[in-house]
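Read top to bottom, the protein sequences are chains A and B.
Position one of the first sequence corresponds to residue 171 (the numbering used here), numbered consecutively onward.
Position one of the second sequence corresponds to residue 171 (the numbering used here), numbered consecutively onward.
Protein chains: 2
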Amino acid sequence: MRTSELTTPALLVDASRLEANLATMAEALPGARLRPHVKAHKCTALAARQSAHGHRTFTCATTAEMEGMVRAGLGDDLLLANEVADASRLGALAGQGARVTLAVDSEATVDEAARARVPEVLIDVDVGLPRCGCRPDDAGRLAERARAAGLQVRGVMGYEGHIVGLEDRATRETMLAESMALLLRAGEDVGGDVISAGGTGTYDINTWATEIQAGSYVLMDTAYAKLGLPFVHALSVLATVISVSKGWAVADCGVKALGMDHGNPSVDGSEVWFCSDEHLTFVPGSPLHVGDRINVLPAHIDPTIAYHERLHVVDGEDVVERWAVDLRGW
Amino acid sequence: MRTSELTTPALLVDASRLEANLATMAEALPGARLRPHVKAHKCTALAARQSAHGHRTFTCATTAEMEGMVRAGLGDDLLLANEVADASRLGALAGQGARVTLAVDSEATVDEAARARVPEVLIDVDVGLPRCGCRPDDAGRLAERARAAGLQVRGVMGYEGHIVGLEDRATRETMLAESMALLLRAGEDVGGDVISAGGTGTYDINTWATEIQAGSYVLMDTAYAKLGLPFVHALSVLATVISVSKGWAVADCGVKALGMDHGNPSVDGSEVWFCSDEHLTFVPGSPLHVGDRINVLPAHIDPTIAYHERLHVVDGEDVVERWAVDLRGW
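The structure is reproduced here in structure tokens:
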């Protein structure tokens with residue numbers, strides 16, 4: 171099949187650019203030094219490509235992602251890097267033989283992990299992003315409670331989400347050192363051999379963590395492209411021009427085909443005005459006609475991909491594979 | 171089933187509030203005076219409720235919505251209020267006996283409608299929103315071309331999308347009069363008996379259109395709630411508190427469960443700080459604990475619902491129906 175035959179909007183993954191990103195990362199963080207975050211792509215076929223590059227440990231954000239990875243035979247060592255109030259389905263996965271590790275940050279989540287027979291946990295530590303994670307001073311106490319309840323405590327995690335997107339590298343480095351000092355101190359109190367942290371924006375400067383939870387590197391988006399990283403855009407949304415007016419054009423790629431929390435998407439050589447439910451209004455850099463195809467670069471790949479049923483892997487104009495976005499939902 | 175048993179995040183539709191919105195609108199715009207826009211909810215079960223209230227004509231934004239409505243037996247009179255570069259699937263629907271009308275705004279889209287044997291069209295006119303729609307002066311010429319190609323031209327449409335969300339009613343009225351003057355002038359050139367326009371924000375002041383394309387009224391969101399309309403919030407996202415820190419809490423409802431193009435969602439009595447992929451960080455109005463449930467009100471229902479597989483219709487704590495969001499995709 172050719173891309174010209176696809177119904178639009180459609181997600182395209184450039185096969186060689188994907189491969190370049192996979193290879194670049196596997197060289198920088200080989201094997202278990204990277205724990206790829208599947209939330210970015212929600213696609214077990216893509217996770218299998220990461221596995222083929224040597225990464226057999228994965229990070230998930232939802233219970234459904236954990237279940238899907240086990241179904242796909244990728245359950246060697248799965249971390250749910252998030253708290254859950256009900257861990258029953260995770261306990262069931264562990265009971266089926268998958269290696270399941272769960273983030274905990276409170277007495278309630280420790281007790282729930284024990285109740286649901288989730289065998290292993292990481293103590294999640296607040297390293298500066300106001301979200302989940304216990305205070306560093308509380309980490310040791312939670313680890314004791316977890317061990318007393320029969321849980322294996324593998325170590326700590328702490329996501330520097332307030333830092334990964336900062337455009338200035340020196341600022342990222344300075345703030346990261348402060349964040350990781352908090353995590354290392356908590357890690358000493360907790361014990362274990364895992365210090366899990368990081369993201370695409372800090373993959374090469376977070377030298378404190380034993381494993382990096384990067385996800386976006388594999389496909390990239392315009393937000394991360396501002397950071398000067400060695401990863402290239404491998405994902406775009408193919409769209410069709412449906413209307414051309416004096417001064418602007420409209421393509422069939424709106425806010426139900428694009429995550430909008432990081433703002434408008436980009437179209438090379440064009441000025442994007444705004445997105446509606448099923449429309450992208452833009453000023454094209456050169457004349458366009460109804461039926462022409464354009465490539466739209468999302469500002470944030472994670473919520474973009476979550477809208478779509480499949481990724482189309484392309485080599486030029488040829489669609490060489492179709493991958494289900496099979497980790498959606500909860 | 172009780173709402174407490176639902177996996178979160180989960181869309182809830184309050185049955186009595188939905189019914190109130192349906193009744194209020196059916197009284198204001200009975201029967202074909204309303205052409206409900208299914209893009210808001212993407213759910214044929216909900217469209218069937220609108221049909222039960224007397225509305226048998228519907229508006230769609232995508233070809234997939236058109237196909238789904240026909241499959242559900244709701245194909246009496248379907249308008250695709252959008253341009254398409256390839257109308258083949260619409261022609262096939264018409265060939266199966268559905269009444270299919272398509273918006274056209276250019277020679278290319280007129281010719282494509284004729285080629286694909288879509289029997290009826292509306293001339294889409296630009297009434298001030300820089301998106302689709304021909305210039306008012308071009309409408310008559312396009313109608314001639316359509317008729318010459320054997321198409322039935324039912325009239326005109328012109329969506330005042332730049333007006334429907336304005337909070338000041340007087341401003342809406344003034345700008346609407348100007349917009350509709352453009353549409354009526356084009357309508358005179360075009361002929362036919364349909365003047366299709368409007369949305370939830372202008373449903374009661376657009377007295378020029380013969381039919382109103384409102385969609386959001388049925389479930390409402392925080393953006394439209396600012397307009398002082400007689401419709402009530404009937405949709406929320408049920409979420410679970412997964413982490414509580416000194417000063418904030420986190421629930422499992424992030425940007426993959428919420429359309430973010432209109433900004434952050436709201437939580438009654440709480441201050442929302444920000445959303446991440448699977449997290450909502452907020453300052454609760456009263457103490458919360460891990461496992462507590464909260465109701466999150468989306469800023470924009472359309473792209474919110476498009477992330478979810480189903481709507482749960484609730485009467486208090488009871489889940490009385492589950493409706494598939496079966497009009498997703500393209």
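Note that beta-carbon positions come from the ideal geometry of N, C-alpha and C, so glycine has one too.
#### Entry: Chain-order list of residues whose beta-carbon lies under 8 Å from that of B/Asp391 (same chain, five-residue window excluded)
Result list for B/Asp391: His403, Leu405, His432, Leu467, Pro468, Ala469, His470, Ile471 and Thr474, in chain order.
#### Entry: Strand pairing of A/Phe228, partner residues [DSSP]
A/Leu248, per the DSSP bridge assignment.
### Task
Sort B/Lys212, B/Ser413, B/Leu199 and B/Leu204 by Cα distance to B/Leu481 and report the nearest one.
Taking B/Leu481 as reference, the option from B/Lys212, B/Ser413, B/Leu199 and B/Leu204 with the minimal CA-CA separation is B/Lys212.
### Task
Determine, using beta carbons only, whether A/Cys213 comes closer than 8 Å to chain B.
Closer than 8 Å: no.
### Query
What are the complete alpha helix (DSSP H) segments, minimum 4 residues, inside the region 445-500 of chain B?
The region 445-500 of chain B contains these whole alpha helix (DSSP H) runs: 471-475.
### Message
Rounded to the nearest angstrom, what separates A/Val291 and B/Thr229 at their Cα positions?
### Response
The straight-line gap from Cα to Cα measures roughly 50 Å.
#### Entry: Every unbroken alpha helix (DSSP H) within the region 294-322 of chain B, with a cutoff of 4 residues, ordered by chain
Every alpha helix (DSSP H) of 4 residues or more that sits fully in the region 294-322 of chain B is shown, in chain order, as 309-318.
### Query
Quick one: does A/Tyr387 have its CB under 8 Å from some CB of chain B?
For A/Tyr387, not one C-beta of chain B is nearer than 8 Å to its own C-beta.
### Query
Does the beta carbon of A/Arg301 come closer than 8 Å to any beta carbon on chain B?
Chain B, which has a Cβ nearer than 8 Å to the Cβ of A/Arg301, makes this yes.
### Message
Rounding to the nearest angstrom, what Cα-Cα distance links B/Ala313 and B/Ile293 in this structure?
### Response
One alpha carbon belongs to B/Ala313, the other to B/Ile293, and they sit about 7 Å apart.
### Under 9 Å (Cβ pairs) to chain A, residues found in the region 434-453 of chain B
Within the region 434-453 of chain B, the residues whose Cβ lies closer than 9 Å to some Cβ of chain A are Trp443, Phe444, Cys445, Ser446, Asp447, Glu448, His449 and Thr451, listed in chain order.
### Query
When Cβ atoms are compared, which residues of the region 232-263 of chain A fall closer than 7 Å to chain B?
Listed in sequence order: Thr232, Asn252, Glu253, Val254 and Ala255.
### Query
Residues of chain A with CB under 9 Å from B/Gly298, in chain order?
None at all; the shortest Cβ gap to chain A is about 12 Å.
### Query
Based on the DSSP output, what are the partners of A/Ile375 in its beta bridges?
Its beta-bridge partners do not exist; DSSP assigns none.
### Task
Determine, using beta carbons only, whether A/Met327 comes closer than 8 Å to chain B.
Cβ-Cβ to chain B under 8 Å: no for A/Met327.
### Message
Please classify B/Met171 as buried or exposed, where buried requires at least 16 neighbouring CB atoms within 10 angstroms.
### Response
In summary, B/Met171 is exposed, with fewer than 16 beta-carbon neighbours lying within 10 Å of its beta-carbon over all protein chains present.
### Task
Assign A/Thr377 to buried or exposed, taking buried as 16 or more other Cβ atoms, counted over all protein chains shown, within 10 Å of its Cβ.
Exposed.
### Task
Starting from the C-beta of B/Arg498, find all residues in its chain whose C-beta is less than 8 Å away, skip the five residues before and the five after it, and write them out in chain order.
In the same chain as B/Arg498, and ignoring 5 residues on each side of it, the C-beta atoms closer than 8 Å to its own belong to Lys212, Ala234 and Ala476, in chain order.
### Task
Can you tell me which of B/Gly298, B/Gly362 and B/Val407 puts its alpha carbon nearest to the alpha carbon of B/Asn465?
For B/Asn465, the nearest C-alpha among the options comes from B/Val407.
#### Entry: Closer than 8 Å to chain B by CB, A/Met390
Chain B, which has no Cβ nearer than 8 Å to the Cβ of A/Met390, makes this no.
### Task
Using three-state DSSP, classify B/Val388 as helix, strand or coil.
The DSSP-derived three-state label of B/Val388 is helix.
### Message
Quick check on the DSSP output: the alpha helix (DSSP H) that includes A/Ala196 runs from which residue to which?
### Response
Counting along the chain, the alpha helix (DSSP H) containing A/Ala196 begins and ends at Ala185 to Ala198.
### Message
Taking beta-carbon pairs under 7 Å, can you tell me which members of the region 461-482 of chain A lie near chain B?
### Response
Those would be Gly461, Asp472, Pro473, Ala476, Tyr477 and Glu479, in chain order.
### Task
Compare the C-alpha of A/Arg187 against each of A/His459, A/Ala419 and A/Val483 and name the closest.
Closest by alpha carbon: A/Val483.
### Query
With respect to 7 Å, is the separation between the Cβ of A/His225 and the closest non-hydrogen atom of the ligand ATP below this value?
This structure simply doesn't include the ligand ATP, nor any ligand for that matter.
### Query
Quick one: is B/Pro179 buried, meaning 16 or more other Cβ sit within 10 Å of its Cβ, or exposed?
Buried, by the Cβ-count rule.
### Message
By the 7 Å beta-carbon criterion, what residues does the region 356-378 of chain B contribute toward chain A?
### Response
Listed by position, the residues of the region 356-378 of chain B near chain A (Cβ gap below 7 Å) amount to none.
### Query
Apart from the five residues on each side of it in sequence, which residues of its chain come closer than 6 Å, Cβ to Cβ, to A/His478?
So the list reads Leu181 and Val495, once near-sequence residues are dropped.
### Identity of the residue in A/Pro457, A/Gly224, A/Arg269 and A/His225 nearest A/Val414 by Cα
The shortest C-alpha separation from A/Val414 is found at A/Pro457.
#### Entry: Selected residue, minimal CA-CA separation from B/Ala367, among B/Val388, B/Tyr329 and B/Leu346
Nearest option by C-alpha distance: B/Tyr329.
### Query
Can you round the beta-carbon distance between A/Ala395 and A/Asp359 to whole angstroms, since I take them to be within the 8 Å contact cut?
The distance from the Cβ of A/Ala395 to that of A/Asp359 is about 38 Å, inconsistent with a contact at the 8 Å cut-off.
### Query
Among residues of its own chain, excluding the 5 on either side of A/Leu346, which ones have a beta-carbon nearer than 7 Å to its beta-carbon?
Same-chain partners within the cutoff: Glu330, Ile333, Thr372, Ile375 and Asn376.
### Task
Specify, as a first and last residue, the run of the beta strand (DSSP E) that A/Val411 falls within.
Leu405 to Ser415 is the span of the beta strand (DSSP E), which, as asked, contains A/Val411.
### Message
Considering just the uninterrupted stretch of the alpha helix (DSSP H) at B/Thr271, what are its terminal residues?
### Response
Where B/Thr271 is concerned, there is no enclosing alpha helix (DSSP H), although the beta strand (DSSP E) it sits in stretches over Val270 to Val274.
### Query
Out of curiosity, what's the CA-to-CA distance linking A/Ala286 and A/Glu197?
Spanning the two alpha carbons is a distance of roughly 38 Å.
### Query
How do the region 418-432 of chain A and the region 264-271 of chain B stand: do at least 3 beta-carbon pairs fall below 8 Å, yes or no?
Contact fails: fewer than three Cβ-Cβ distances are below 8 Å.
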